[in-house]
Amino acid sequence: MLFRLLVATDRRPLAKRLSALVGMQDVLVRAVELDKGIVEFVRKNRYDAVVLGCRSFSGVAALVGALRGSSTPPEVVIVTESHDVQSSAAILAAGGLGVLTTDFGDDELRTAFETLIERARTLREAASELAQSNRLGTESADDLADDLVADLVAASPAMRRAIEVAKRAAIAESTVLLLGETGVGKERIAQLVHAQSPRASAPFIAINCAAIPAELVESELFGHERGAFTGAHQARRGHFERAHGGTLFLDEVAELPVAAQAKLLRVIEDRQLRPLGSDKLIPIDVRLIAATNRDLEVEIDAGRFRSDLYYRLGVIELELPPLRERIEDLSCLLDRELARFNLALGRKLRGFTPPARRALEGYAWPGNIRELINVIERAVLLCLGDEISLEDLPRSVARSQDPKPGPAHPPLLPSTPPDQQQLGQLAQLELPEAWLELPWREVRDALLRDGERIYLTHLLTRTRGRIGLTAQHAGLAERSLFEKMRRHGLRKEDFRSGTEDHGDAPADPTED
1 MLFRLLVATD RRPLAKRLSA LVGMQDVLVR AVELDKGIVE FVRKNRYDAV
51 VLGCRSFSGV AALVGALRGS STPPEVVIVT ESHDVQSSAA ILAAGGLGVL
101 TTDFGDDELR TAFETLIERA RTLREAASEL AQSNRLGTES ADDLADDLVA
151 DLVAASPAMR RAIEVAKRAA IAESTVLLLG ETGVGKERIA QLVHAQSPRA
201 SAPFIAINCA AIPAELVESE LFGHERGAFT GAHQARRGHF ERAHGGTLFL
251 DEVAELPVAA QAKLLRVIED RQLRPLGSDK LIPIDVRLIA ATNRDLEVEI
301 DAGRFRSDLY YRLGVIELEL PPLRERIEDL SCLLDRELAR FNLALGRKLR
351 GFTPPARRAL EGYAWPGNIR ELINVIERAV LLCLGDEISL EDLPRSVARS
401 QDPKPGPAHP PLLPSTPPDQ QQLGQLAQLE LPEAWLELPW REVRDALLRD
451 GERIYLTHLL TRTRGRIGLT AQHAGLAERS LFEKMRRHGL RKEDFRSGTE
501 DHGDAPADPT ED
């Protein structure tokens, strides 16, 4: 199939140079002037990839976002005269594949264009095969879906469990509620659910509810007729109609106004909607996936979220682990992002210096995967050598390898080989007899489970059930702490008796 590549520049000599660099026989290249109509032109003509040649970075990130926002987004590469770290980062965040400068040699630019074409071809072929697979009812859809969300690194047990639950949820039509901190990959999991569902060949529409102004929420979700409100010069379909037959992903759903939550609940229950200004009901066929980084039980208690909507959204509830609980995944994620940004930015960095890797692997990553991606992107842009060093990392990350003050944690058992007396002592430790009949993996899981319960019980006793203080001591998000407490049947109220008798426990000014 012929590959369609558009070269759009604001300088004719640059357009001529860039067009001449693409010498592949099955690639159709067209050069046009870069102007305000470029987004609509690309959408109408369905180009597979776009090269934008610009003199400056002004407005380029927004343009890339607009190009990538279509239902069949082209891959986009920027070629500009200057180099700017912040602007390049904004372009990549908007979905651009890479940023090159005109001082690159022809061979370097040609290589970058070939990479662009191959990536776009791969994505197009994968999407086409996935749609065909669903139409024919073949069993290869799982493999294709896994390819489309290959950035879900899952060496850790917690992430493997999350992916398995997502795959099981995919075959149902039930609503799915994804919970977890900002940046843990909730949208990627939503894409996985969609890609492995019977709706995989239909649209997947992702909406960030927090980014919609309160007065426009209903119009964005349900659509409107012409004249429905001031500024409604023409009718517009809402996101529910756009997602008809497919999946609608409502990210940050807890940010919806309470009034909009009531109407969303009605649409979910009735499976039909009424656009603003219309007297017609429109039937909808949409699989709904929602996500939030808030504790919805707290939001319900505060009156900011409807309990009935929570129950409708959370038929299948899945909490994604934060990166600090995915130690087994961290090294692979670092290497993958380095390889990705080497390709995107035309670099050939060999890896990380040992101190830099120790710092990266020892950092707590409060911003999770999103923060890791930004840190590696920044490091690749700033690195002057052939390996990323501490100097290329943000100060907060670089400091994580510094030795921490304070006493070392005493080992629970001696780390040196035990002598005969110690062996006798170890053999006398209480151990459930049934454990000796189990494989090591099951015993290990039981030890971890019991150790977690004992640790949390002691810590909650020390903090007198203060959730904020306990989470801070444990290095956990409050949501994760609540989930672990629920799993072990621990309630904060059980640790708050006798507060006045224990003045040695630290006070918590943010008592919850």
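full-length UniProt numbering numbers the first residue of the sequence shown as 1 and each following residue consecutively.
Don't be surprised by glycine CBs; every beta carbon is placed ideally from N, CA and C.
Being a predicted model, the structure only gives us computed values, none of them experimental.
Which residue wins for smallest C-alpha separation from residue i, given the options the options?
i	options	result
Glu493	Asp10, Thr463 and Glu255	Thr463
Ala359	Asp301, Leu349 and Ser389	Ser389
residue 561	Val29, Lys348 and Leu177	Summary: the structure shown does not reach residue 561, with the chain confined to residues 1 through 512, and so no result is reported for it.
Tyr455	His473, Pro439 and Arg444	His473
Ala260	Glu218, Glu269 and Thr230	Glu218
His488	Cys209, Arg453, Gly468 and Ile284	Arg453
Leu309	Asp335, Leu177 and Val29	Leu177
Ala200	Leu179, Val286 and Leu382	Val286
Ala398	Pro257, Leu384, Ile376 and Tyr363	Tyr363
Ala172	Tyr311, Ser197, Leu152 and Leu256	Ser197
Ala112	Glu483, Cys209, Arg491 and Phe341	Phe341
Thr247	Val42, Phe204 and Arg168	Phe204
Thr115	Gly346, Gly475 and Arg395	Gly346
Pro321	Thr457, Arg479 and Pro213	Arg479
Gly303	Ala20, Leu288, Ala120 and Val258	Val258
Arg46	Glu297, Lys16, Ser400 and Ser70	Ser70
Pro73	Val27, Arg110 and Ala120	Ala120
Ile117	Leu179, Val27 and Arg11	Val27
Glu220	Arg110, Gly180 and Lys263	Lys263
Ser396	Leu384, Glu361 and Gly385	Glu361
Arg449	Gly385, Ala477 and Arg486	Arg486
Would the beta-carbon of residue i fall within 8 Å of that of residue j?
i	j	result
Leu372	Glu337	yes
Arg306	Leu265	yes
Arg68	Gly95	yes
Ala166	Ile189	yes
Phe352	Pro275	no
Leu313	Ala290	yes
Val193	Ala158	no
Gly98	Val77	yes
Ile284	Phe249	no
Val51	Val42	no
Ile282	Leu273	yes
Gly185	Leu152	yes
Ala254	Glu187	no
Thr9	Leu18	yes
Can you name, in chain order, every residue of its own chain whose Cβ lies under 7 Å from the Cβ of residue i, other than the five neighbours on each side?
i	result
Thr470	Leu459, Leu460, Thr463 and Leu481
Phe495	Leu460, Thr461, Arg464 and Gly465
Ala155	Glu328, Asp329 and Cys332
Glu511	For Glu511, the predicted model reports a pLDDT of 41, less than 50, meaning its position is unreliable; a value from the coordinates is still stated below. Arg466.
Lys484	Glu452 and Leu456
Ile91	Val60, Ala61, Val64, Ile78 and Val99
Glu75	Ala49, Leu97, Leu116, Arg119 and Ala120
Arg271	Pro283 and Ile284
Ile490	Residue identity differs from the one stated: residue 490 is Leu in this sequence, not Ile. Contacts found: Leu456, Thr457 and Leu460.
What is the C-beta distance between residue i and residue j, in whole angstroms, given that I count them as a contact (C-beta under 8 Å)?
i	j	result
Asp35	Leu5	Asp35 to Leu5, Cβ: 18 Å. No contact.
Val29	Val64	The Cβ separation is near 20 Å, so there is no contact.
Val79	Gly105	The Cβ separation is near 13 Å, so there is no contact.
Gly277	His224	6 Å
Leu382	Val85	7 Å
Ala89	Glu319	Their Cβ separation, rounded to whole angstroms, is 30 Å, which puts Ala89 and Glu319 out of contact at 8 Å.
His233	Arg226	7 Å
Leu323	Trp365	4 Å
Tell me which same chain residues have a C-beta within less than 8 Å of the C-beta of residue i, skipping the five on either side of it?
i	result
Thr182	Asn293, Gly367, Asn368 and Arg370
Ser174	Val315 and Ile316
Ser82	Ser56, Phe57 and Thr101
Glu387	Leu349, Arg350, Gly351, Phe352, Thr353 and Ala356
residue 519	Past the edges of the chain, shown from 1 to 512, lies residue 519, and the structure says nothing about it.
Ile163	Leu152, Ala154, Ile189 and Leu192
Pro13	none
Ala235	Gly223, His224, Glu225, Arg226 and Pro275
Asp335	Gly351
Relative to the ligand NAD, is the shortest distance from any of its heavy atoms to the C-beta of residue i smaller than 7 Å?
i	result
Arg30	Although the ligand NAD was asked about, the structure shown includes no ligands whatsoever.
Residues in the same chain with beta-carbon distance under 6 Å from residue i, minus the five sequence neighbours each way, listed in chain order, please.
i	result
Thr230	none
Glu33	none
Ala15	Val7, Thr9 and Ala31
Chain D beta carbons: is any one of them nearer than 8 Å to that of residue i?
i	result
Ala89	The displayed structure is made up of one protein chain only, and chain D is not part of it.
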